[in-house]
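*Asks:* Dumping the structure here so I can ask a few things about it.
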């Protein structure tokens, strides 16, 4: 970092105008974290000389001398561009009160979208610092005024995730989204936090949209949609949600049934038996039902899940192995899970050894050998852990006879 600062000082002091322009563009597009690192490592350092301009003022704003930083802030107040705004945001955390005050005052009047975005990226990362405390909230209030509304819309599409989430939340508070925009964002936005924020607002405005949100790719959105469903939704309509790939959605669907006095475990049992009896059920559905039954079932369900351990579909075997490992009686684990040690699917083998870890002293040596010789590190670690626990138990009688503590 100090080498970069030395290069920047050299460019400002003796570099050609083209090099200064390139450095200015690079710093203007630099992530906020880099600017904070430059600020941290700039002091102590030699004073900057050379042609005045935004790059010169930026380096002066990092100077060890308070008068130089204050003069830089006054100069930056009259400069446009994202780098000037970011430098002012940095100085709102200055240890000199007068520098902080002038930097904050200059920052509040910035309304250009690129300048607001640059300032917000830095302020978000300064929020936890005591000297900059409260400024982000004040700036957020200022962004709610008419001159800043265009900047808020740009923030909501910013490439920096924290700044974008900040912009989306502010835009929602200002009412900048219509229901159609909220629905599209909740279904297709690339950021999970933004999807959830938009889904929450959409469901506040129109709870009837819950059905459309059940197909969202974000598990957080589907969870909100399940919670917003009518209380009398038929249990059969909840089956895909009880078998959802995300645990949070399954839990919310089960809670919907619990609230009206219907045990979800009975739904899981009935639907899983129905799927197995009919045949041809989607492996994803069967796997989801098996996972859900393993989460809320009891020892009596181990037999039903054990029947799925021979499924040709790896995802079904994974779910069944996890459920059996959790629900089966200790005396049955080796017989049920031992054959899966050599399963061609690594996740199935891992689930099997996770379950066998409940009875490490009963696992046959040949099963441990299979686990130790597999190529998957996670499976080998589990097998080694079981083997270590077996060895420790074998060593205990000998240690007791010699009066030593086993290692």
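In UniProt numbering, the protein residues as written are 1 to 407.
Don't be surprised by glycine CBs; every beta carbon is placed ideally from N, CA and C.
1. Rounded to whole angstroms, what is the Cα-Cα separation between residue 23 and residue 83?
2. Taking the beta carbon of residue 232 as the centre, do at least 16 other beta carbons fall within 10 Å, making it buried, or is it exposed?
3. Looking only at its chain, what residues have a beta carbon closer than 6 Å to the beta carbon of residue 92, apart from the 5 residues adjacent to it on each side?
4. Within 10 Å of its beta-carbon, does residue 349 have 16 or more other beta-carbons around it, so buried, or fewer, so exposed?
5. Applying the 10 Å Cβ sphere with the 16-neighbour rule, what's the burial state of residue 188?
6. Report the option in 268, 260, 227 and 261 whose CA atom is closest to the CA atom of residue 249.
7. Find out if the Cβ-Cβ distance for the pair residue 32, residue 168 is shorter than 8 Å.
8. CB residue 196 to CB residue 224, shorter than 8 Å?
9. I need the DSSP call for residue 204, collapsed to helix, strand or coil.
10. So residue 341 and residue 299 are in contact, right, with Cβ under 8 Å, and what is the actual spacing, rounded?
11. Confirm, please, whether the CB-CB distance from residue 57 to residue 76 is below 8 Å.
12. Leaving out the 5 sequence neighbours to the left and right, which residues in its chain are closer than 7 Å to residue 243 when beta-carbon positions are compared?
13. Quick one: using the 10 Å Cβ neighbour count with 16 as the cut-off for buried, is residue 280 buried or exposed?
14. Just tell me which of 43, 128 and 120 has its CA closest to the CA of residue 142.
15. In terms of residues, what are the limits of the alpha helix (DSSP H) holding residue 274?
16. Under a three-way DSSP split, which group does residue 390 fall into?
17. Using the Cβ count rule (16 or more neighbours within 10 Å means buried), how would you classify residue 129?
18. Would you check if the distance between the CB atom of residue 59 and the CB atom of residue 20 is smaller than 8 Å?
19. Taking 8 Å as the limit between beta carbons, can you name the residues of its chain near residue 157, skipping five residues before and five after?
20. In three-state DSSP terms, what is residue 91?
21. Between which two residues does the alpha helix (DSSP H) containing residue 19 stretch?
22. Once the 5 residues before and after residue 160 are set aside, which same chain residues still bring their CB inside 6 Å of it?
23. Between the alpha carbons of residue 308 and residue 316, how many angstroms are there, rounded?
24. Please tell me whether residue 118 and residue 154 are closer than 8 Å, where the distance is taken between their beta carbons.
25. Using only the alpha-carbon positions, how far apart do residue 211 and residue 234 sit?
26. With C-beta atoms as the reference, is residue 264 less than 8 Å away from residue 257?
27. In whole angstroms, what separates the C-alpha of residue 194 from that of residue 206?
28. What does the alpha-carbon distance come out to for the pair residue 18 and residue 26?
29. Grouping DSSP H, G and I as helix and E and B as strand, with all else coil, what is residue 300?
30. Residue 94 and residue 69 - do their beta-carbons sit closer together than 8 Å?
31. Counting pairs of beta carbons, one from the region 319-329 and one from the region 349-367, are three or more of them closer than 8 Å?
*Replies:* Result, derived from the coordinates:
1. Numbered from 1 along the chain shown, position 23 holds the residue referred to as residue 23. Numbered from 1 along the chain shown, position 83 holds the residue referred to as residue 83. Cα to Cα, residue 23 sits roughly 11 Å from residue 83.
2. Taking the chain shown and counting its residues from 1, the one referred to as residue 232 is at position 232. The residue is exposed, with fewer than 16 neighbouring Cβ atoms inside 10 Å.
3. Start at 1 with the first residue of the chain shown, and residue 92 comes out as number 92. Correct list, in chain order: 100, 103, 104, 132 and 135.
4. Here residue 349 is taken as the residue at index 349 of the chain shown, counted from 1. Buried: at least 16 other Cβ atoms inside 10 Å.
5. Position 188 of the chain shown, counted from the start, is the residue given in the question as residue 188. That one is exposed.
6. The residue given as residue 249 occupies position 249 in the chain shown. Looking at the Cα atoms, 227 is the closest of the given residues.
7. Residue numbering aside, residue 32 sits at position 32 when the chain shown is read from its first letter. Residue numbering aside, residue 168 sits at position 168 when the chain shown is read from its first letter. Taking 8 Å as the Cβ cut-off, residue 32 and residue 168 do not qualify as a contacting pair.
8. Against the chain shown, residue 196 aligns to sequence position 196. Against the chain shown, residue 224 aligns to sequence position 224. Their beta carbons are under 8 Å apart, which means residue 196 touches residue 224 by this criterion.
9. Here residue 204 refers to the residue found at position 204 of the chain shown. Looking at residue 204 - three-state DSSP - the assignment turns out to be helix.
10. Here residue 341 is taken as the residue at index 341 of the chain shown, counted from 1. Here residue 299 is taken as the residue at index 299 of the chain shown, counted from 1. Not really, about 23 Å apart at Cβ, beyond 8 Å.
11. One-based indexing of the chain shown puts residue 76 at position 76. One-based indexing of the chain shown puts residue 57 at position 57. Going by C-beta atoms, residue 76 is nearer than 8 Å to residue 57.
12. By one-based count along the chain shown, residue 243 stands at place 243. Excluding sequence neighbours, residue 243 sits near 285, 288, 289 and 292.
13. Position 280 of the chain shown, counted from the start, is the residue given in the question as residue 280. Exposed: under 16 other Cβ atoms inside 10 Å.
14. Position 142 of the chain shown holds residue 142. Checking every option, the nearest Cα to that of residue 142 belongs to 120.
15. Taking the first residue of the chain shown as position 1, residue 274 is located at position 274. Residues 264-278.
16. Indexing the chain shown from 1 puts residue 390 at position 390. DSSP places residue 390 in helix when its eight states are reduced to three.
17. Position 129 of the chain shown, counted from the first residue, corresponds to residue 129. Label assigned to residue 129: exposed.
18. Residue 59 sits at position 59 when you count from the first residue of the chain shown. Residue 20 sits at position 20 when you count from the first residue of the chain shown. Their beta carbons are not under 8 Å apart, which means residue 59 does not touch residue 20 by this criterion.
19. In the chain shown, residue 157 corresponds to position 157, counting from 1. Within the same chain, residue 157 has close Cβ partners 164 and 167.
20. Here residue 91 is taken as the residue at index 91 of the chain shown, counted from 1. If DSSP states are grouped into helix, strand and coil, residue 91 belongs with the helices.
21. If you number the chain shown from 1, residue 19 lands on position 19. That run of the alpha helix (DSSP H) goes 17-28.
22. Along the chain shown, read from residue 1 onward, the residue named residue 160 stands at position 160. 121.
23. Start at 1 with the first residue of the chain shown, and residue 308 comes out as number 308. Start at 1 with the first residue of the chain shown, and residue 316 comes out as number 316. For residue 308 and residue 316, the distance between alpha carbons rounds to 7 Å.
24. Counted from its first residue, the chain shown places residue 118 at position 118. Counted from its first residue, the chain shown places residue 154 at position 154. The answer is no: Cβ separation not under 8 Å.
25. Residue 211 sits at position 211 when you count from the first residue of the chain shown. Residue 234 sits at position 234 when you count from the first residue of the chain shown. Looking at the two C-alpha atoms, the distance is approximately 13 Å.
26. As a working mapping, residue 264 is identified with position 264 in the chain shown. As a working mapping, residue 257 is identified with position 257 in the chain shown. A contact, by the Cβ cut-off of 8 Å.
27. As a first step, residue 194 is located in the chain shown; it is residue number 194 there, counting from the start. As a first step, residue 206 is located in the chain shown; it is residue number 206 there, counting from the start. For residue 194 and residue 206, the distance between alpha carbons rounds to 18 Å.
28. Locating residue 18 in the chain shown gives position 18, where the first residue counts as 1. Locating residue 26 in the chain shown gives position 26, where the first residue counts as 1. The alpha-carbon atoms of residue 18 and residue 26 are separated by roughly 12 Å.
29. Your numbering for residue 300 matches position 300 in the chain shown. Here residue 300 sits in helix by DSSP.
30. As a position in the chain shown, residue 69 is number 69, starting the count at 1. As a position in the chain shown, residue 94 is number 94, starting the count at 1. Result yes, Cβ atoms of residue 69 and residue 94 sit closer than 8 Å.
31. yes
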